[in-house]
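Undergrad:
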Amino acid sequence: MAVISTPILAAAAAVALGSTLVATLPWDAGPISGPGSLTVTVADAPGDIDTPVVVTGPDGFRVETERTTVLRNLRPGDYTVSATTVPNPFGELVPQLADQTVRIGPNLHRGVAVTYRFDSPPLVPVGDPASYAIQSGTPDNPVRWNPCRVVTWGPLLPLPVAEEQRLTSAFAKASIASGIPFRRALPGETPMVNVTLTFEPGTTVSGEGTMFFSADSADTLPRAFRGEISGVIGTETSGELREALYLHEIGHVLGITHVEDSSQVMHSVVTEEDAFGFAAGDTNGLRLVGAEAGCLDRPIGAKDARAVESDGMLTLTWFQPASVPPVVDTRVEMVTRSPGGSATTVVPWPAGFVTPAAGPSRAAMPIPQDVCDPNTTISLVATNANGSTTTPIRVTGC
Ligand SMILES: [Zn+2]
49 MAVISTPILA AAAAVALGST LVATLPWDAG PISGPGSLTV TVADAPGDID
99 TPVVVTGPDG FRVETERTTV LRNLRPGDYT VSATTVPNPF GELVPQLADQ
149 TVRIGPNLHR GVAVTYRFDS PPLVPVGDPA SYAIQSGTPD NPVRWNPCRV
199 VTWGPLLPLP VAEEQRLTSA FAKASIASGI PFRRALPGET PMVNVTLTFE
249 PGTTVSGEGT MFFSADSADT LPRAFRGEIS GVIGTETSGE LREALYLHEI
299 GHVLGITHVE DSSQVMHSVV TEEDAFGFAA GDTNGLRLVG AEAGCLDRPI
349 GAKDARAVES DGMLTLTWFQ PASVPPVVDT RVEMVTRSPG GSATTVVPWP
399 AGFVTPAAGP SRAAMPIPQD VCDPNTTISL VATNANGSTT TPIRVTGC
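In the numbering used here, the protein residues as written are 49 to 446.
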């Protein structure tokens, strides 16, 4: 077995890890048995901040990565996933757990998640810490963004430089308070949170902030996927009042709403006199919808998902990386397109077949009638507590 000591530096290199350094499951795998694997899920950080993670194991095994990575064909033993504190423009990103050690054995497929929290001075520790309100869902189960994925923001039309800087400052402060990694959308990139500002003569500001969310199914939590911020900015207002408006609308986009306490940014009216940024209640509300509430990651998609048609039987093989939280259900979906639309059916598993949460799998079943139709595609759908991930299956032999 090769000792892998190549630093994995970027997203592109992490893809290369999957395709070149890690052997794929042989096609005719026979009985499912073999080496273990470890899936390291690395949460995204704000902007372009790198969060290197080092995995060490038996016989000098060492891999460095900054992205979610599946390490396969591992020799049995204890593997340690180490993360370090990363200084950044917002303060410090501190890993929730510096070292996590897992035992990998034959056929043992484990998953480790590396998540970070912000360690920064409180922004404005004033006001009643209990003055916050959740916008959708409940305080125990608020509707929120996945704090382990970057959320991009940007104006639909170019803004004056000073306003762009105020918005940048507001999103940075929202990042610190919530732990949600915001990043300014790059040129040509569609932002997840759109900002539209208009300017009018006057001494007041007004705006709206909206969070859009949906659920995979009735069994899964809704999650935010898009936001809209609009503002009408009086040209005779101060930079502080404008930034307070942006913080307020970002609060709505993140999932908190109005309170009675006028010292909070989430009070429905913010004036020049009380425009001083997130207060204690705002910050506590943002924690509830932020990183401290945990990742909302769906499963990592299956690897090497393929099927062979032969003698009326369809044999599927795939490798399911370990996920945090674990995969609880896997199904095969068949989609057939016709001029009238498309129809989706679930292909039943063979009697008694149990899909594992992680690792290699193989199942043989009678060929569904349409699987060789060029208008038909089949996919593996893996589901965990946070939703589903669909992976196309390559079919040969038809
Ligand atoms: Zn409001």
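Cβ atoms here follow ideal geometry from the backbone N, Cα and C, with glycine treated the same way.
(1) Report the three-state DSSP secondary structure of H300 (helix, strand or coil).
(2) For L336, collect the residues of the same chain with a Cβ closer than 7 Å to its Cβ; drop the 5 residues on either side in sequence, then sort them by chain order.
(3) Which residues count as close to ligand 1 when the rule is a CB under 6 Å from any of its heavy atoms, in chain order?
(4) Given R214, which residues of its chain have a CB within under 8 Å of its CB, disregarding the five upstream and five downstream residues?
(5) Where do the ends of the alpha helix (DSSP H) carrying F109 lie?
(6) Give every residue of the same chain whose Cβ lies closer than 8 Å to the Cβ of N332, excluding the five residues on either side of it in the sequence, and list them in chain order.
(7) Report the partner residues of A370 according to the DSSP bridge assignment.
(8) I want to see whether chain B comes within less than 9 Å of E112, judged by CB atoms only; does it?
(9) Using the C-alpha atoms, what's the distance from H296 back to P208?
(10) Please determine if the stretch 416-430 and the stretch 378-395 are in contact, where contact requires at least 3 C-beta pairs separated by less than 8 Å.
(11) Go ahead and pull the three-state DSSP assignment for F219.
(12) How would you call S265, buried or exposed, if buried means at least 16 neighbouring beta carbons within 10 angstroms?
(13) Between the alpha carbons of S473 and W193, how many angstroms are there, rounded?
(14) Could you tell me how far apart the beta carbons of T89 and D352 are, in whole angstroms, since I believe they sit closer than 8 Å?
(15) When you compare only the Cα positions, how much space is there between G435 and S85?
(16) For F213, which of helix, strand or coil comes out of DSSP?
(17) Y164 and Q144 look like a contact to me (Cβ under 8 Å); what is the Cβ gap, rounded to whole Å?
(18) Straight-line CA distance for H157 to A350?
(19) Spatial neighbours of V447 within its chain, please: CB distance less than 6 Å, with the 5 preceding and 5 following residues excluded, ordered by chain position.
(20) May I ask you to report which of helix, strand or coil DSSP gives R120?
(21) If you follow the beta strand (DSSP E) that D147 is part of, which residue opens it and which one closes it?
(22) Just how far apart, CA to CA, sit E248 and S254?
(23) Just tell me which of T246, A412, V317 has its CA closest to the CA of I277.
(24) By how many angstroms is the C-alpha of P124 removed from the C-alpha of L204?
(25) Label G445 either buried or exposed according to how many other C-beta atoms from any shown protein chain fall within 10 Å of its C-beta, with 16 as the threshold for buried.
(26) Who are the Cβ neighbours of F219 in its own chain at under 7 Å, not counting the five residues just before and after it?
(27) Within the continuous beta strand (DSSP E) that includes G407, where are the two ends?
(28) For T283, which of A411, T238, T252, L334 has the nearest alpha-carbon?
(29) What is the rounded straight-line gap between the Cα of T431 and the Cα of L302?
(30) Using 8 Å for Cβ pairs, my map puts E340 next to G227. What's the rounded Cβ distance?
(31) Measure the C-alpha to C-alpha separation of P83 and A272 and round it to an integer number of angstroms.
TA: In brief:
(1) In the sequence shown, residue 300 corresponds to position 252, counting from 1. Residue state, collapsed to three classes: helix.
(2) Within the sequence shown, the letter at position 288 stands for residue 336. Closer than 7 Å at the Cβ level, and outside the excluded window around L336, lie I182, P187, P190.
(3) Output, sorted by chain position: H296, H300, H306, S316.
(4) Counted from its first residue, the sequence shown places residue 214 at position 166. Hits under 8 Å: G287, R290, E291, Y294.
(5) By 1-based counting over the sequence shown, the position of residue 109 is 61. Annotation for F109: no alpha helix (DSSP H) segment contains it, and DSSP assigns it neither H nor E.
(6) Counted from its first residue, the sequence shown places residue 332 at position 284. P177, A178, Y180.
(7) Position 322 of the sequence shown, counted from the first residue, corresponds to residue 370. None; A370 has no bridge partner.
(8) Absence of chain B from the displayed structure is noted, only one protein chain being present.
(9) On the sequence shown, position 160 is the one that residue 208 refers to. On the sequence shown, position 248 is the one that residue 296 refers to. Between P208 and H296, the alpha-carbon positions lie close to 20 Å from each other.
(10) Because the criterion of three Cβ pairs below 8 Å is met, the stretch 416-430 and the stretch 378-395 touch.
(11) Numbered from 1 along the sequence shown, position 171 holds the residue referred to as residue 219. When DSSP states are grouped into helix, strand and coil, F219 belongs to the helix group.
(12) For this step, residue 265 is matched to residue 217 along the sequence shown. Residue burial annotation: S265 is exposed, with fewer than 16 other C-beta atoms found within 10 angstroms of its C-beta.
(13) Outside the shown range of the chain, which is 49 to 446, sits residue 473, and nothing can be said about it.
(14) In the sequence shown, counting from the first residue as 1, residue 89 sits at position 41. In the sequence shown, counting from the first residue as 1, residue 352 sits at position 304. 19 Å between Cβ atoms; not a contact.
(15) The count along the sequence shown starts at 1 and reaches residue 435 at position 387. The count along the sequence shown starts at 1 and reaches residue 85 at position 37. For G435 and S85, the distance between alpha carbons rounds to 23 Å.
(16) As a working note, residue 213 is residue 165 in the sequence shown. The question names Phe, yet the displayed sequence has Gln at residue 213. Correct three-state label for Q213: helix.
(17) Position 116 of the sequence shown holds residue 164. Position 96 of the sequence shown holds residue 144. The Cβ separation is near 7 Å, so the contact holds.
(18) In the sequence shown, the residue the question calls residue 157 occupies position 109. In the sequence shown, the residue the question calls residue 350 occupies position 302. Taking the straight line joining both Cα atoms gives about 13 Å.
(19) For the chain, the structure presents residues 49 to 446; residue 447 sits outside this window and is missing.
(20) For the purposes of this step, residue 120 is identified with residue 72 of the sequence shown, where counting begins at 1. Correct three-state label for R120: strand.
(21) In the sequence shown, residue 147 corresponds to position 99, counting from 1. 147-152 is the extent of the beta strand (DSSP E) around D147.
(22) The residue you call residue 248 lines up with position 200 of the sequence shown. The residue you call residue 254 lines up with position 206 of the sequence shown. E248 and S254 have their C-alpha atoms roughly 11 Å apart.
(23) By 1-based counting over the sequence shown, the position of residue 277 is 229. With distances taken between Cα atoms, I277 lies closest to T246.
(24) Position 156 of the sequence shown, counted from the first residue, corresponds to residue 204. Position 76 of the sequence shown, counted from the first residue, corresponds to residue 124. In a straight line, the C-alpha of L204 is about 52 Å away from that of P124.
(25) Taking the first residue of the sequence shown as position 1, residue 445 is located at position 397. By the neighbour-count definition (other C-beta atoms within 10 Å, threshold 16), G445 is an exposed residue.
(26) Position 171 of the sequence shown, counted from the first residue, corresponds to residue 219. Same-chain partners within the cutoff: W201, F230, I298.
(27) As a working note, residue 407 is residue 359 in the sequence shown. First-last of the beta strand (DSSP E) with G407: 407-414.
(28) Position 235 of the sequence shown, counting from 1, holds the residue named residue 283. With distances taken between Cα atoms, T283 lies closest to T252.
(29) Here residue 431 refers to the residue found at position 383 of the sequence shown. Here residue 302 refers to the residue found at position 254 of the sequence shown. Their backbone Cα atoms lie some 25 Å apart in a straight line.
(30) Stepping through the sequence shown from its first residue, residue 340 is reached at position 292. Stepping through the sequence shown from its first residue, residue 227 is reached at position 179. Right, their Cβ atoms sit about 7 Å apart.
(31) Position 35 of the sequence shown, counted from the first residue, corresponds to residue 83. Position 224 of the sequence shown, counted from the first residue, corresponds to residue 272. One alpha carbon belongs to P83, the other to A272, and they sit about 38 Å apart.
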